[in-house]
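Inspection log for the structure reproduced underneath, given as C-alpha cells.
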Amino acid sequence: MQTEKQMTGYPSIDRPQDRLYRTKPIREIATEQTIYEMVFNANENNMNWKALVYLGKTWSFQKLKNKSDRYANAFICSGLKKGDCVLIGVTNCPDAVAILLALNKIGVVSKWFDVRASEKDIECYANDSNCRYLIAFDMLIDRIKLALDNTNLEKVLIIKPTDCLSAIIQIAYAIKNKIRLPKDTRYDLFKNFVKNNYTNSNIPCVSFDKDRPSIMIQSSGTTGKPKIIAHSDCSATSSVKSLSYSDLPVEPQKNILDALPPWIAYALGQAILYPLTMGATVHLSPTFEPDTVMKYLGKFSLSFAAPFHYRYIRDNFNTLSKKRKELVYSAECFASGGDKISAEENKAFEDLFKTPFINGYGNNEGWGALTVNSVKHNKYGSVGIAKYGETIIAYDNDTEKELPYGENGEICALVDTMFLYYEGNEEETKAVKRIHPDGKIWLHTGDLGNVDNEGFITLGGRARRVIVRQGFKISAYTIEDKITEHPAVKECVAVEVKDAIEEHVPMAYIILKDITTDAETIKQSIYDKCRSELKEYEIPKYFRIVTELPYTPNNKYDFRLLEQQGNEYVNSLNN
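Just add 254 to the spot in the sequence shown (first one is 1) and you have the working numbering.
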C-alpha cells in the first residue's frame with residue numbers, strides 16, 4: 255500500500271505543484287542545443303506546416319529555415335563572426351524571427367532594443383557592446399543618423415515592415431512613407447545586403463555553449479535602473495522544455511497570437527520560440543495597441559498578451575456583435591503577463607469571455623515567464639506555479655532561509671533560464687544572482703510574495719520601485735534621474751497613479767531649487783526634457799511642483815502617501 259507523502263511545510267522540498275504538470279511533454283526538448291537547432295530539430299518531420307503568419311502572409315517552417323540559412327550565409331560572407339554583436343531595432347515581422355535564428359546559427363549575439371529609443375539610447379546600445387551592425391526598421395533612420403557618427407557601427411541594414419508582403423503593398427508603403435536611405439556607404443537595405451553577400455555554401459551551426467551569450471535584451475527596470483541582460487541558448491531551450499509540460503494549449507498546428515514587442519523576453523521566449531518549437535503557428539502582430547487582441551479574434555486558440563489588451567475587450571464587450579462575441583468564446587485560452595490581475599478581475603474575465611484566462615509572472619532576467627497558472631486548475635489572484643523542473647520560494651533575506659507556506663518574503667527562483675550577466679555591471683549581477691546557503695545560485699526577483707501548500711505563488715508588492723504602464727515596466731529611478739538633471743530641480747520622486755485612460759501612469763513630484771522661479775515655465779521645460787530623453791511610455795503623465803515631500807518615521811520617502819496624494823490630485827483634475 256502506497257503511503258501519502260509527508261509534507262514538510264516548505265515548497266522546495268514538498269513540491270506540491272508537481273501533480274499539475276503533464277505526465278509527458280508535448281514534445282521532448284533537449285536543452286543542450288542552440289536556439290536554431292531547437293526550432294528546426296523539433297519540426298524536422300513537419301517542415302511544410304505553417305510557422306508564421308503576418309498580415310495575411312504565411313511562412314512554413316521550411317521557408318523560415320531557408321530564410322534563416324540564407325541570412326546566416328550573407329552575414330558570414332559579409333565578415334560577421336562568432337562572438338560579434340548585432341543591434342536590432344524592429345517590431346514583429348517574419349524577417350525578425352529569421353534574423354534571430356540566423357544570427358544564433360553563426361554564434362553572433364543579437365541585441366534587441368525598443369524601437370521608441372532615442373538617438374542617445376541607440377548610441378549607447380551600440381557602443382556598450384561594440385556592435386558591428388545595426389538592423390532596424392526604416393522609421394528609425396532619422397534617429398540613427400544623429401547617433402551613427404558617435405558609434406563604431408560598420409553597417410546599418412534597413413528593413414521595411416512590408417518587405418515580406420506583395421509587391422503592390424510594398425509600392426503603396428513606399429509612396430506613403432517616402433523614406434530614403436542617406437547617401438552614406440554604411441547604409442543598405444537589408445534585402446539588397448542579403449542578395450549581394452549570399453553565396454550558395456553550407457554554413458554549419460555553431461556548437462552549443464551554455465556560457466556563451468546569444469541574446470541581449472534591455473531590462474525594463476524591475477531590479478532598479480534599466481540594464482542590458484545577456485542570455486545564453488540555455489535560457490531559451492530550458493524555458494521551452496519546462497513549458498512543454500504545462501497544460502497550456504500550445505500544441506502542434508494550433509494558432510498562437512503574439513501581441514507583444516520582440517524586445518522583451520516574454521515575447522521572444524514564450525510567444526515566439528516556445529510555440530514554434532511545439533510546431534504551432536505564430537501570428538505576429540506588427541502593433542501592440544490596446545485593441546490588438548480584439549483585431550485577431552477568431553484567428554488564434556491562445557494569445558500571449560498584456561492585461562490592458564484584455565481589458566480593452568472587456569470594456570468594449572457590450573458593443574460587439576453576437577458573431578464577434580462568439581469569436582471571443584471560441585478561444586481556448588487567454589494568457590496574460592506583464593502586470594497584476596486581481597482575483598476578482600480574473601474571475602470576471604473568465605465569466606465574461608467563457609474561456610480560461612490565466613495569469614503568469616516573470617522578468618527579463620529569468621527569460622520571461624517564471625510561473626504560469628494551470629488552465630485546468632487556475633487559482634484566481636495567484637500568478638501560478640513554478641514551471642516544470644524549477645523551484646520558486648519565498649525567502650527571508652535577514653535569516654537567509656526559505657519561508658514556509660503562506661509567509662511573505664522575496665520571491666526567489668532556482669531556474670536554468672537565469673540570465674548570464676548584466677552588461678558592464680558585475681555588482682548588480684551579483685546582487686540579483688546570489689548564492690544561498692545551499693550553495694546554489696538563485697535569482698532574486700525583487701518582488702514580495704508567498705507560496706501556498708499547493709505550490710501557487712501570490713505576489714504581495716515590490717521590493718523595488720517599478721511603475722507599470724500598459725504592460726511596460728518602468729523604473730522610477732530612470733524618471734527621477736532624468737528630471738533631477740534639470741538645473742532648476744532640487745528633488746524628484748516618481749510614483750505610479752491611477753489613470754482613467756491608461757489604468758496606471760507615472761507621476762512626478764518635483765521640488766525646485768528656487769521657489770521664486772516661474773513654476774509653470776520650468777514645468778514645461780522639464781516636460782520637454784523628458785520628451786526628448788525618455789522613452790514615450792516613461793514620460794510622466796502628471797507633473798506636480800511641491801515645496802516638500804513626505805517622509806516615513808525611518809526618514810525615507812513615503813511613497814505610499816505620495817501615491818495616495820497623487821491619486822487624489824488626478825481625481826481632482828477630472829472632476
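The C-beta atom is built at its ideal place from N, Cα and C for all residues, glycine as well.
Since the model is a prediction, treat every value here as computed from it, not as a measurement.
Where do the N-terminal and C-terminal ends of the beta strand (DSSP E) with residue i fall, by residue?
{"i": "G616", "result": "F611 to N617"}
{"i": "N509", "result": "N509 to D512"}
{"i": "Y325", "result": "Careful: Y325 lies outside any beta strand (DSSP E), inside the alpha helix (DSSP H) at F315 to C331."}
{"i": "K304", "result": "K304 to Y308"}
{"i": "T645", "result": "T645 to D650"}
{"i": "S749", "result": "With the sequence shown as reference, residue 749 is identified as Val, and Ser is not the correct amino acid for it. Where V749 is concerned, the enclosing beta strand (DSSP E) stretches over V743 to D753."}
{"i": "T535", "result": "T535 to L538"}
{"i": "R723", "result": "V720 to R723"}
{"i": "E677", "result": "Per DSSP, E677 belongs to no beta strand (DSSP E) and is neither H nor E."}
{"i": "K409", "result": "K409 to I413"}
{"i": "I482", "result": "I482 to S486"}
When we look at the beta-carbon of residue i and count the other beta-carbons within 10 Å, is it buried (16 or more) or exposed?
{"i": "Y520", "result": "buried"}
{"i": "T262", "result": "exposed"}
{"i": "S455", "result": "exposed"}
{"i": "R723", "result": "buried"}
{"i": "T491", "result": "buried"}
{"i": "Q778", "result": "exposed"}
{"i": "M255", "result": "Residue confidence for M255 is low, a pLDDT of 38 falling below 50, so the modelled location carries little weight and cannot support an answer."}
{"i": "Q287", "result": "buried"}
{"i": "K359", "result": "buried"}
{"i": "I612", "result": "buried"}
{"i": "D605", "result": "exposed"}
{"i": "A640", "result": "buried"}
{"i": "R719", "result": "buried"}
{"i": "A597", "result": "exposed"}
{"i": "G622", "result": "buried"}
{"i": "E792", "result": "buried"}
{"i": "I518", "result": "buried"}
{"i": "T476", "result": "Caution applies to T476, whose pLDDT of 45 falls short of 50 and renders its modelled position unreliable; the value that the coordinates give is listed next. Looking at its Cβ environment, which holds 16 or more other Cβ atoms inside 10 Å, T476 is buried."}
{"i": "T345", "result": "buried"}
{"i": "Y325", "result": "buried"}
{"i": "I646", "result": "buried"}
Between residue i and residue j, how many whole angstroms is the CB-CB distance? I'm expecting something under 8 Å.
{"i": "V547", "j": "A589", "result": "V547 to A589, Cβ: 11 Å. No contact."}
{"i": "I754", "j": "N821", "result": "Sequence check: residue 754 is Ala here, not Ile. So it is not a contact: roughly 11 Å between Cβ atoms."}
{"i": "T712", "j": "S636", "result": "5 Å"}
{"i": "P529", "j": "V536", "result": "5 Å"}
{"i": "D701", "j": "I665", "result": "5 Å"}
{"i": "K736", "j": "K783", "result": "7 Å"}
{"i": "I764", "j": "F797", "result": "6 Å"}
{"i": "I412", "j": "Y441", "result": "7 Å"}
{"i": "T312", "j": "K304", "result": "5 Å"}
{"i": "L388", "j": "L407", "result": "5 Å"}
{"i": "Y489", "j": "T671", "result": "One detail in the question is off: residue 489 reads as Ser in this sequence, not Tyr. Contact flag correct, Cβ pair sits at about 5 Å."}
{"i": "I395", "j": "I433", "result": "6 Å"}
Ordered along the chain, which non-local residues of its own chain (more than five positions away) have a Cβ less than 6 Å from that of residue i?
{"i": "G638", "result": "G614, T625, V626 and N627"}
{"i": "E750", "result": "I721 and H758"}
{"i": "E373", "result": "R397, L400 and A401"}
{"i": "L334", "result": "V362"}
{"i": "T416", "result": "I423, Q424 and Y427"}
Just list the residues that DSSP pairs residue i with in beta bridges.
{"i": "R397", "result": "The partner list for R397 (beta bridge, DSSP) is empty, contrary to what the question assumes."}
{"i": "T712", "result": "N704"}
{"i": "K311", "result": "Y308"}
{"i": "T625", "result": "Y615 and A640"}
{"i": "E664", "result": "Y649 and L702"}
{"i": "C587", "result": "L556"}
Starting from residue i, follow the alpha helix (DSSP H) in both directions and report where the run begins and ends.
{"i": "C385", "result": "Taken as a continuous stretch (DSSP letters only), C385 belongs to no alpha helix (DSSP H), as it is neither H nor E."}
{"i": "G566", "result": "Strictly speaking, residue 566 in this sequence is Tyr, with Gly absent from that position. Segment P561 to D569, the alpha helix (DSSP H) holding Y566."}
{"i": "G820", "result": "F813 to N828"}
{"i": "E787", "result": "A773 to E787"}
{"i": "R440", "result": "Careful: R440 lies outside any alpha helix (DSSP H) and carries neither H nor E."}
{"i": "Y290", "result": "I289 to A296"}
{"i": "R798", "result": "Unbroken run through R798 is the beta strand (DSSP E), Y796 to I799; no alpha helix (DSSP H)."}
{"i": "I733", "result": "A730 to T738"}
{"i": "S470", "result": "Contrary to the premise, residue 470 reads as Met rather than Ser in this sequence. Looking at the DSSP string, M470 is not in any alpha helix (DSSP H); the run it does join, the beta strand (DSSP E), is P467 to Q472."}
{"i": "R269", "result": "Counting along the chain, R269 falls outside any alpha helix (DSSP H), and DSSP gives it neither H nor E."}
{"i": "V547", "result": "T546 to K549"}
{"i": "E654", "result": "Looking at the DSSP string, E654 is not in any alpha helix (DSSP H), and its letter there is neither H nor E."}
{"i": "K601", "result": "A597 to F607"}
Report all residues from its chain with a CB closer than 7 Å to the CB of residue i; omit the five preceding and five following residues, and keep chain order.
{"i": "L551", "result": "R578, L581 and V582"}
{"i": "K601", "result": "Y634"}
{"i": "N451", "result": "A328, C331 and S332"}
{"i": "K445", "result": "D417"}
To which residues of the same chain is residue i closer than 8 Å at the C-beta, ignoring the five residues directly before and after it?
{"i": "I283", "result": "M292, A296, T491, V494, K495, S498 and T531"}
{"i": "P503", "result": "S555, L556, E586, C587 and V629"}
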